[in-house]
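Encoded as structure tokens, the structure appears first; notes follow it.
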């Protein structure tokens, strides 16, 4: 039997990284619950799953037009899980790699709430904030990698 954090990794975090890198909108939206609340603090925006999908599609389409590729990774500072709900927070690092090989890194903090469903774990709340660009690589490195669940058990 797997630990619920391993299940969340399988159902949310690994598909998040994979679909983001593949610019796969359907795969990206799939692990978000139908009643998702998405909050982008820096943009002062809040919306649901459909509105979020529209925003993500614009970004993926723009990247495709430019020939950019994306990557994202997560480090966790808090992971609290019960049988059917989980709260997680941490720092993300996303990158945009231009066709000429130039890379830009972006860091921010995130908070999520997930619930176990018949289809697996799904994000119900997904909030992030770049905190005005003050989050950095050191903050990211201070967190625990996706597979490092031991500190949270």
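In our numbering, the protein residues as written are 1461 to 1613.
We put the CB at the ideal spot given by N, CA and C, even for glycine.
Closest to residue 1578 by CA distance: which of 1518, 1555, 1548, 1491 is it? 1491
On the three-state DSSP scale, how would you describe residue 1556? strand
Kindly indicate which three-state DSSP category residue 1501 falls into: helix, strand or coil? coil
Could you say if the stretch 1471-1491 and the stretch 1515-1531 meet the contact criterion of at least three C-beta pairs nearer than 8 Å? yes
Just curious, the alpha helix (DSSP H) that residue 1489 is in, first and last residue? 1485-1490
Relative to the C-alpha of residue 1465, which candidate in 1556, 1588, 1582, 1597 has its C-alpha closest? 1582
For residue 1552 versus residue 1588, is the C-beta distance shorter than 9 Å? yes
From residue 1593 to residue 1512, what does the alpha carbon distance come to, in whole angstroms? 22 Å
On the three-state DSSP scale, how would you describe residue 1550? strand
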